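S.K.:
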Amino acid sequence: MLLIPPVQLPHTTYQLHELTIGEAIGLVKMNPTAHEHTISQFLACVLTGNGRALTVQERYLLVAQYISATCVGEVDFPIGDNAKYSDYLRMNKPLSLDFIALGFEETWCVHPLYGWQAEALEDICHTWQDWIFGCMAAQLATANEMHEGELPTIETPTAAYQSWLKERITVFKAYPERDFAELYHAFLWGIEQLNCYFELGFDNEGLVCLHKEGTGVAPARFQVSDCLTPTAIRFGR
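Just so we're aligned: the sequence shown equals residues 12 to 248 in our numbering.
1) Taking its Cβ as the centre, do 16 or more other Cβ atoms sit within 10 Å of residue 128, making it buried, or is it exposed?
2) Enumerate in chain order the residues of its own chain whose CB-to-CB distance from residue 26 is below 6 Å, with the five nearest sequence positions on each side excluded.
3) Excluding sequence positions up to five away, which residues of its chain have a Cβ less than 6 Å from the Cβ of residue 72?
4) If you measure between the beta carbons of residue 1 and residue 39, is that distance less than 9 Å?
5) If residue 48 and residue 133 are in contact, beta carbons under 8 Å, what's the gap, nearest whole angstrom?
6) What residue does the beta strand (DSSP E) around residue 15 start on, and which one ends it?
7) Roughly how far, in whole angstroms, is the beta-carbon of residue 210 from the beta-carbon of residue 46, given that I think they are within contact range, below 8 Å?
8) Applying the 10 Å Cβ sphere with the 16-neighbour rule, what's the burial state of residue 200?
9) Alpha carbon to alpha carbon, how far is residue 81 from residue 234? Give it in angstroms, no decimals.
10) Does DSSP put residue 219 in a helix, a strand or coil?
11) Residue 63 to residue 88, Cα distance in whole Å?
12) Using 9 Å as the threshold, is the C-beta distance between residue 142 and residue 213 below it?
13) State the Cα-Cα distance for the pair residue 37 and residue 188, rounded to the nearest angstrom.
14) So the candidates are 166, 183 and 19; which of them puts its Cα closest to the Cα of residue 106?
15) What span of residues does the beta strand (DSSP E) with residue 214 cover, start to end?
16) Does the distance from the C-beta atom of residue 182 to that of residue 150 stay below 9 Å?
17) Quick one: complete alpha helix (DSSP H) runs, 4+ long, within the stretch 74–145?
18) Is residue 124 buried or exposed, if buried means 16 or more other CB atoms sit within 10 Å of its CB?
19) Would you check if there are 3 or more beta carbon pairs closer than 8 Å linking the stretch 90–98 to the stretch 162–174?
20) Look at the alpha carbon of residue 238 and the alpha carbon of residue 184, and state the distance between them as a whole number of angstroms.
21) Can you list, in chain order, the residues of its chain whose CB lies under 8 Å from that of residue 248, leaving out five sequence neighbours each side?
22) Could you check whether residue 223 and residue 99 sit closer than 9 Å to each other, using their CB atoms as the reference points?
23) Note down, in chain order, each residue of its chain lying with its Cβ closer than 6 Å to the Cβ of residue 15, except the 5 sequence neighbours on either side.
Given below as structure tokens:
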């Protein structure tokens with residue numbers, strides 16, 4: 012069995028282990044566009060603990076580190092024709108789980124996005140616009156909601172959480188245009204402050220990691236399929 016070096020971060024150390032062939036075949040059979048669900052299943056196989064409880068940045072980092080350690084043979088593995096892993100990785104900013112206060116009359120705050128939330132969003136979001144509204148619904152909370160303990164948790168049933176998200180998205184879509192634009196740009200500023208390991212953007216299939224050079228360079232998605240051997244892929248099809 013391949014021994015994967017520990018992923019050492021300031022707040023914790025993650026020890027990953029190699030997939031079994033049975034686990035890998037199971038991952039091949041999953042919906043190829045269900046990125047967040049597949050990552051959760053992958054982490055359940057290679058990591059002790061609940062991968063759904065990690066932030067999306069932690070999850071993407073662990074997938075990328077597995078790719079780096081097992082599949083390519085090069086730590087700074089290539090992405091596309093002209094980029095490498097290090098062009099997307101930002102290790103100069105530690106993980107923060109604190110909220111960022113945005114202000115406004117409602118005293119909005121923005122929180123990190125977790126795996127269980129991204130999974131739920133994946134089922135109800137089908138365009139990049141959906142993902143932006145969905146992430147705003149998931150990550151924004153008022154000070155009163157936080158104080159009253161009214162927000163869903165990882166223990167909330169998925170169907171109930173998705174209904175809650177849809178109701179919240181409907182509320183945001185009913186905002187006057189200029190009021191929404193102001194909150195949207197504040198939200199973008201807030202998630203930029205929360206970004207660690209990767210700067211996140213949106214496409215029609217969900218969240219992507221942005222190149223350090225910004226616009227004009229293709230974003231990356233660290234996919235579980237890149238962790239799998241050709242043998243597992245052949246057996247799974």
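Built from N, CA and C at the ideal position, the CB exists for glycine as well.
These numbers come from a predicted model, not from an experiment.
M.R.: So, from the data block:
1) buried
2) 17
3) 208
4) Because residue 1 is not part of the residues shown, which for the chain are 12 to 248, the question remains open.
5) 6 Å
6) Per DSSP, residue 15 belongs to no beta strand (DSSP E) and is neither H nor E.
7) Wrong, their Cβ atoms sit about 17 Å apart, outside the cutoff.
8) exposed
9) 14 Å
10) strand
11) 26 Å
12) yes
13) 45 Å
14) 19
15) 211–214
16) no
17) 126–135
18) buried
19) no
20) 38 Å
21) 39
22) yes
23) 27 and 80
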